[in-house]
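Residue 146 in the UniProt record's numbering sits at position 146 of the sequence shown, with consecutive numbering throughout.
Note that the Cβ used here is the ideal one computed from N, Cα and C, for glycine as well.
First comes the structure, then the notes that go with it.
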Amino acid sequence: MRLGKVRKELVLLLVASMLGCPVIQAQAVAEEKAVVTTSVQATGQSIMLDGQENQMHFIRTYGEPVYRSVVQDDLKMTLERVLADKHTMQLLISVEKLDGFPFIASENLRLRSIEINSKEDIEKQKRLEAIPKGAPYTEYIKVMAEFDEGLKAFIQEDNTLDMEGLSTYLNTAQSMMSGTSSASYGMCYTKENTDSKVYFTYKGRYGESVLGDIIVSIEGIEGEEEKTYPIAVNLTDYLMAHKGEALKLIPHVLEDHEKKHLERLKDSNEELYLERKKELEGQPQMLLDEAGLGLQLIEGDNRFTIDNIGFIQDKLHILMAGEGKKTYDMRLYDKTGEMIESSYQVGSSHTSENETIKNTAYWVYDIASPEELKAYQFQLTTREVVENWQGPWEFEVENKGEVKTLTVNQIIPYGTEKEINVREIQIGKGSMALVLDRQEENQNAGDITPKLKVILKDGKEILLNSSEASSLEKDKMTLIYSFRDWIGTDIASVEVGDIVLYKAYK
């Protein structure tokens, strides 16, 4: 069940469509990008072992013991510990095979699609999904009014809705949901894994309504097998044979979202603006266009091919095409076996009209000619799902959402000439949040990223350089920082540059 459907902005769009109001529609679409659902979703990712080892130790040390198990088929999944507060949740999960056989891909397993929802939201979703298609909007509001008393005032005696009052209420009350959405993950921890038992750590951010009695739901588990191949085509010979031929090129155009992001950074954070501007200026001005060369990377396999290749301004450009769910990566090595990093890399994936997954990848290397390429060797690495278990596995836990709130009301600068008021600091078991005034309706919390220095009473300093998530309400913004070092209540001060936001008194 995906509770992303229960969102304030979708109700706003229903209201707007009835009123024929483009202003409300535009506002709802804009807020959809920044305001959240009450659901946290996750996909597996891998990170460096030392970082995950810290997180595992952190959850074991400060998390609450749960040790609830669910057995499905030959798998026993146990939610061992939970570390949660108002803004974040971290989980330690073990998975054990009960049939006596080892995992095929014990170091490349991942939890697929983790969701955290309040029991109330699950019930709300079931009720909304039960409403017949084509039913009046009033029926949706009636159901939601059972969970939000304030909505009852807009259901009129003749069973119609006070649309003007309802739209104002939804815009100001944040009644449908609140909080933030961000990337979440379920990662396989390798150091303590055995042949038949593995550990996962998970970390997610969510809305304030994911409090109290909640359900942690894990859709499935899958394992990938990695294989490496020497590529079938000799690229040096190919490039020598086609030396001097005209390449099919296109200009490298900055996407609209990148332009807008750069404009916002220019107004809000000069340091990040200059850094990002320099990165963009260093990118190639011209790129290879699709040419359909079809150079096979694995002999007899057309799922992985080079679509175009050539030299542009003394740099080797490669456009690669792939098909299907198998993921791939082409890597370049020198004669000593050391991998050579690309100077530019980008990839994309989409599903075609016939439901085929199409992937593209683009690399640029600092290699100027076919003769220079002779000193290097390409290898193709593929990853394919070889183990797959379907859930869901569900665990019921309680999240009290405890945080310590420190009143601040301190002005801090941001950008080149702007300043903003910090209302308060919220400190939880795994997060720290700044609550700021929202000065303009179109102000985006992501544009304001104060770097925090937290000094503990024992003298230790913890730097929180950027927020991991944010939320917007009508008159305030919340920036959420998370940490793996215990902060707790032993804080001596919280600082932004030379400004002290909070200082403890003995």
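Tell me the rounded alpha-carbon separation between residue i and residue j.
{"i": "Asn108", "j": "Glu192", "result": "14 Å"}
{"i": "Val494", "j": "Glu473", "result": "24 Å"}
{"i": "Gln377", "j": "Leu297", "result": "13 Å"}
{"i": "Glu372", "j": "Thr236", "result": "9 Å"}
{"i": "Ser184", "j": "Arg112", "result": "Note on Ser184: pLDDT 41, under 50, position unreliable in the model; the coordinate value appears next. Taking the straight line joining both Cα atoms gives about 11 Å."}
{"i": "Gln55", "j": "Pro370", "result": "46 Å"}
{"i": "Lys400", "j": "Ser69", "result": "22 Å"}
{"i": "Tyr199", "j": "Asn465", "result": "29 Å"}
{"i": "Gly282", "j": "Gly310", "result": "19 Å"}
{"i": "Lys451", "j": "Tyr414", "result": "10 Å"}
{"i": "Pro136", "j": "Glu255", "result": "40 Å"}
{"i": "Ser471", "j": "Leu501", "result": "21 Å"}
{"i": "Leu280", "j": "Glu258", "result": "9 Å"}
{"i": "Lys203", "j": "Lys503", "result": "29 Å"}
{"i": "Lys457", "j": "Arg110", "result": "39 Å"}
{"i": "Lys476", "j": "Lys260", "result": "22 Å"}
{"i": "Glu271", "j": "Val386", "result": "45 Å"}
{"i": "Val66", "j": "Pro102", "result": "26 Å"}
{"i": "Glu31", "j": "Asp158", "result": "In this prediction, Glu31 has a pLDDT of 33, which is less than 50 and means its spatial position is unreliable; what the coordinates show is noted afterwards. Taking the straight line from one Cα to the other gives about 32 Å."}
{"i": "Val435", "j": "Lys133", "result": "40 Å"}
Could you say which of the options lies nearest to residue i if we only look at CA atoms?
{"i": "Ile306", "options": "Asp314, Ile312, Met477, Leu288", "result": "Leu288"}
{"i": "Ala105", "options": "Lys451, Thr194, Glu338", "result": "Thr194"}
{"i": "Lys460", "options": "Gln439, Pro450, Ile491, Ile480", "result": "Ile491"}
{"i": "Gln390", "options": "Ile114, Val66, Gly134, Thr88", "result": "Ile114"}
{"i": "Ser94", "options": "Phe103, Asn399, Met77, Arg110", "result": "Met77"}
{"i": "Phe304", "options": "His257, Lys400, Ala232", "result": "Ala232"}
{"i": "Gly337", "options": "Trp363, Gln379, Glu290", "result": "Gln379"}
{"i": "Tyr229", "options": "Ile480, Glu149, Met320, Thr381", "result": "Thr381"}
{"i": "Gly295", "options": "Glu271, Arg276, Met320, Lys278", "result": "Going by the sequence as given, residue 295 is Leu instead of Gly. Closest option to Leu295, Cα to Cα, is Met320."}
{"i": "Leu479", "options": "Arg110, Ala433, Gln156, Lys457", "result": "Ala433"}
{"i": "Asn234", "options": "Glu299, Gln439, Gly212", "result": "Glu299"}
Does the ligand HEM have a heavy atom nearer than 8 Å to the CB of residue i?
{"i": "Leu272", "result": "Inclusion of the ligand HEM in the displayed structure is not the case, the ligand content being empty and no account of it being possible."}
Spell out whether any CB of chain B is found under 9 Å from the CB atom of residue i.
{"i": "Asp162", "result": "Of the protein chains in this structure there is only one, and it is not chain B."}
Would residue i and residue j qualify as a contact pair, given that the criterion is a beta-carbon distance under 9 Å?
{"i": "Asn359", "j": "Glu323", "result": "yes"}
{"i": "Phe483", "j": "Ile455", "result": "no"}
{"i": "Ile318", "j": "Met330", "result": "yes"}
{"i": "Leu316", "j": "Ala246", "result": "no"}
{"i": "Leu166", "j": "Val397", "result": "no"}
{"i": "Leu92", "j": "Thr201", "result": "yes"}
{"i": "Asn388", "j": "Ile221", "result": "yes"}
{"i": "Leu406", "j": "Glu419", "result": "no"}
{"i": "Glu394", "j": "Val253", "result": "no"}
{"i": "Ala291", "j": "Asn302", "result": "no"}
{"i": "Ile218", "j": "Pro392", "result": "yes"}
Apart from the five residues just before and just after residue i, which ones in its own chain have a Cβ nearer than 7 Å to its Cβ?
{"i": "Asp74", "result": "Lys97, Leu98, Asp99"}
{"i": "Leu403", "result": "Looking at the sequence itself, residue 403 is Val, so the reference to Leu does not match. Closer than 7 Å at Cβ, skipping near neighbours: Asp85, Lys86, Gln426, Ile427, Gly428."}
{"i": "Phe147", "result": "Glu120, Lys124"}
{"i": "Gly497", "result": "none"}
{"i": "Tyr365", "result": "Lys315, Leu316, Leu332, Ile340, Ser342, Ser343"}
{"i": "Met240", "result": "Pro370"}
{"i": "Lys142", "result": "Ile155"}
{"i": "Lys243", "result": "Pro370"}
{"i": "Thr138", "result": "Ile155, Asn159, Thr160, Leu161"}
{"i": "Asp334", "result": "Ile340, Ala375, Tyr376"}
Near residue i, which residues of its chain fall below 6 Å by C-beta distance, leaving aside the five closest residues on each side in sequence?
{"i": "Met144", "result": "Leu151"}
{"i": "Asn421", "result": "Ile411, Asp437"}
{"i": "Leu83", "result": "Ile59, Tyr62, Gly63, Gln90, Lys429, Gly430"}
{"i": "Ile499", "result": "Ile412"}
{"i": "Ser348", "result": "Thr360"}
{"i": "Thr88", "result": "Arg205, Gly430, Ser431, Ser482"}
{"i": "Trp363", "result": "Ile318, Ser342, Gln345"}
{"i": "Phe154", "result": "Leu161, Asp162, Gly165, Leu166"}
Apart from the five residues just before and just after residue i, which ones in its own chain have a Cβ nearer than 8 Å to its Cβ?
{"i": "Tyr273", "result": "Leu262, Leu265, Lys266"}
{"i": "Lys374", "result": "Thr236"}
{"i": "Pro251", "result": "Gln285, Met286, Leu287"}
{"i": "Leu249", "result": "Met286, Leu287, Leu288, Asp289, Ile312"}
{"i": "Leu293", "result": "Thr305, Ile306, Asp307, Asn308, Ile309"}
{"i": "Lys277", "result": "Leu262"}
When DSSP builds the beta bridges, which residues end up paired with residue i?
{"i": "Ala135", "result": "Beta-bridge pairing links Ala135 to no other residue."}
{"i": "Arg423", "result": "In DSSP, Arg423 forms no bridge with anything."}
{"i": "Met286", "result": "Pro251"}
{"i": "Asn193", "result": "For Asn193, which the question treats as bridged, DSSP gives no partner whatsoever."}
{"i": "Gln313", "result": "Per DSSP, none; premise fails for Gln313."}
{"i": "Phe378", "result": "Leu332"}
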